[in-house]
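Numbering (the working numbering), first residue to last: -1 to 1019.
Structure follows, in structure tokens:
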């Protein structure tokens, strides 16, 4: 959990690599296999498709999918599952020989048998199928993801060493969640592991994609960087990358002393040391909640630490490298800044560790939102049941209400003196108590400090009038020193609150701090009123919200972490913090270029689902009867450990919860959530949480399962987020160039099969020579022919005087005459795969030798540039461009763009088009491919087809097949005129030498047929 730009955390992170999700083009499962699967079961079978493949991702029955095969033990359950998938693997997308049984787990409901997919002994990334056998021996369901139709080489062209070096280079240049202004410390990064996998594009987003051989590489320094990079094993190009920083009882606490010097690190507490001993409050919080987290999972679910094998749980305090205020899980330790150590935050981070070692949800799109939500759910669960940091956690919330602890808009009113009285603009600080709707009224005193810095009222020094300030609000000017210093000085003077006046012309905003006093900002004019008042100034500051709020902090996240200055999410009403409460909410995050596709924002949907399930409530037309914390937690744990796979999304979670409830209905071995009381430390004292016999939980019932269904409905877990307008960047449904009753005449074409012949290039670069000329490339996104290629390499070092690759490369067409026919068009096919908003391309035009100018958006008839290049992106900044990739993945579906030439130039004008590919100083994806450039117009005449044959020895016959075509043809060979021939019955004949000839045939046209030019090839006998 974190608030900076790194890691899997409580706040937003940026990936900067994608633009919009793409609609799945699903493969169809074999209907014969499905029919037989249904016939084999002894009761009705429910089937659901897996969005990324179109194959079955879930099959279940209330009876037995494979009756007649007994399974009365763990080994027999494994054998039954094996027999079933040997027969029906293809229905789920795999072949029987591709599924290796990896694990058999005993669950309260029976057994879960897990299979991992491999192709020619190479694992399939995320390829996991789980078969569920109940205690009666019935195979009740099978779910998961498998990559179908695998047919590819498993011999990498890039070696493990070469791919590892490339991955390390990419991370050092720019970590996955950083950009130009990032200060992420990459010291000590190394390749932790590099595995050869079959990688299915789009699996995490539930969209279709191709399978390729890839190196899946983890790079980490076990502190500020931990990310997965997926490199195409054939080309070395990155096809995905994402942070794994999730922003333990054998425990250890390491103190970083707020310095980057690792030699200054010190272990300040180990298991069995005295507690709290000499630990400060943050350190003690970390040790305490780490123990409570361990014992929650151990006592309730029998899991020994996050890895299930008793791993030591190590925490690091006061680590400056994680951009405080912040916290994260980096794959080895949980790490916290001072003031970010409340019980829900610490338990949240350990939740990431347990998720990594169970379902393994990847940290992108809906799987990442599930990952984040699981940490919130476990974090608040620990907060609810421990005996610490509980104020109004047990006060029920009201449907649709925000908490009174949620900061809202505020208003500052000067009550006196009368000559300055009135309402004034203000913004609440992110620290201290929340202003109530009734308001806080106080005198306010202008703070006076040492004027050595040139201002006696900026609050940067010790207040000389502290006695006047004590118990009142203090006013200070902005500037010279940090807000935190001003706030600390006010707190030291005994102030009840602080108001900071912004400078003239500055818009007001919230400020950070770490204090228990009220805080607000106001504008320059209000500050002048307070400073120049003729008498004592009295003010009231209040929350201006008119909606009722609950006097409860239940379901808030991080409300007791003082450095956050209040909660950062509300699981009961996510809208209160700008997060979606259901899939169709306008707050639902659709942009793949930020927050890894909405992992923090969209977690609100799952958080809300859990809150409704625990406490009950009415929402979105559905009424959910609460089932209580113990039952809900048992259900989400069962779903996490038995049904969810790395690429599971919201629909899969909805089904997992339904299936888990069915599995656990009537089971009498479930346990209540139990932290235990304490663990004695041999050095003295006790830490919260300890080994305990968890009481039995009242069995889950069918009525409880109705609540699961109602919560699914209320939060719309199976609904597509249609407001995102999911689709490819380029619409593949190209319209006809000419309308009914007309025909298309093409006057210019270029397919680049002869390379870039006839085209020219120009370039600009911030660092001379650091640009990437256009070239030709084959096999781009399924297009096997050659195309023009503008590279967008994963290279460069932003801001470096030698390594910055900020540049523009232009590919310039030959001079083309705008045709005189109806509705002239300029068209081209293209595929875009660039770093979103930082790298991209557009088209410019020169008319009759003039300067090149950007083609106006109004001139585009189809597939216009859909985004604007970011400020600071380089030579195209602020311009409309094609930038990014298809949603949530590193692909770019081909599409056709159509430009209206009438909007660009007049008939007969000479034009040149320039395709500009530009990039910022570092990073990239792949590039921009352009093909099949053409100029055409429409005609109401017939457009003849010209063909050539050799009916007799030494003779060539040209046929102009049109509307009874008449007139003449002129024939050329290798630039030389062969002759002019008049058509007779649409044919013309002339002599030629034996052999193969290629002719350019120019037809003059007539009143019914369009004049055209075509190239024909004929073998003369």
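Glycine residues also receive a C-beta, built at the ideal position from the N, C-alpha and C atoms.
- Across the set 464, 447, 462, the C-alpha of 447 shows the shortest separation from the C-alpha of residue 456.
- Where residue 775 is concerned, the enclosing beta strand (DSSP E) starts and stops at 773 to 775.
- When only Cα atoms are considered, residue 796 and residue 711 end up about 47 angstroms apart.
- As summarised for the region 130 to 173, the continuous beta strand (DSSP E) elements at least 3 residues long and confined to that stretch are 137 to 143, given in chain order.
- Every candidate alpha helix (DSSP H) stretch fails here, since none sits fully inside the region 752 to 799 while reaching 4 residues.
- Shown here for residue 462: same chain residues with a beta carbon closer than 7 angstroms to its own, the five before and five after excluded, namely 446, 447 in chain order.
- Cβ-Cβ separation between residue 969 and residue 997: approximately 5 angstroms, consistent with a contact (criterion under 8 angstroms).
- Pairing residue 908 with residue 811 gives a Cβ-Cβ distance that is not under 7 angstroms.
- In the DSSP assignment, residue 46 falls within the unbroken beta strand (DSSP E) covering 43 to 47.
- Sixteen is the threshold: when 16 or more other Cβ atoms of the shown chains lie within 10 Å of the Cβ of residue 567, as they do, the residue is buried.
- Taking 4 residues as the shortest admissible run, the region 347 to 434 contains the following complete alpha helix (DSSP H) segments, listed from N- to C-terminal end: 363 to 383.
- The closest CA to that of residue 526, considering only 543, 518, 475, is found on 475.
- Where residue 209 is concerned, the enclosing beta strand (DSSP E) starts and stops at 209 to 218.
- Annotated three-state conformation of residue 35 is helix, per DSSP.
- Taking one beta carbon from each stretch, the region 769 to 789 and the region 728 to 744 have fewer than 3 pairs nearer than 8 angstroms; the two do not touch.
- With a cutoff of 7 angstroms on beta-carbon distance, residue 401 and residue 627 are scored as not near each other.
- Looking at 906, 767, 489, 523, the one whose alpha-carbon comes closest to that of residue 501 is 523.
- Annotation: residue 254 to residue 329 spans about 18 angstroms, alpha carbon to alpha carbon.
- Between the alpha carbons of residue 817 and residue 940 lies a gap of roughly 17 angstroms.
- Contact annotation: the region 428 to 436 does not touch the region 639 to 658, with fewer than three C-beta pairs closer than 8 angstroms.
- Beta-bridge pairing by DSSP links residue 109 to 104, 131.
- Your pair residue 806 and residue 916 checks out as a contact, with CB atoms roughly 4 angstroms apart and the cut at 8 angstroms.
- Residue 235 is classed as buried because its beta carbon has at least 16 other beta carbons within 10 Å across all chains shown.
- For residue 119, the secondary structure class from DSSP, reduced to helix, strand or coil, is coil.
- Pairing residue 215 with residue 196 gives a Cβ-Cβ distance that is not under 7 angstroms.
- Counting only runs of 3 or more residues that sit fully inside the region 648 to 730, the beta strand (DSSP E) segments are 676 to 678, 684 to 686, in chain order.
- Judged by beta-carbon spacing, residue 192 lies beyond the 7 angstroms limit of residue 151, meaning their Cβ atoms are not closer than that value.
- Secondary structure within the region 502 to 575: the alpha helix (DSSP H) runs of 4 or more consecutive residues, fully enclosed, are 522 to 529 (chain order).
- Exposed is the label assigned to residue 1013, since fewer than 16 other Cβ atoms lie within 10 Å of its Cβ.
- CA-CA distance, residue 122 to residue 158, rounds to 17 angstroms.
- No Cβ-Cβ contact shorter than 7 angstroms links residue 513 with residue 478.
- The beta carbon of residue 930 lies closer than 7 angstroms to those of 749, 826, 827 in the same chain, with the five residues before and after it left out.
- Judged by DSSP in its simplified three-state form, residue 995 adopts strand.
- Counting the other CB atoms within 10 Å of its CB gives residue 747 a total below 16, which places it among the exposed residues.
- Residue 826: member of the beta strand (DSSP E) spanning 820 to 831, first to last residue.
- For residue 473, no alpha helix (DSSP H) segment is defined; the enclosing uninterrupted segment is the beta strand (DSSP E) at 471 to 475.
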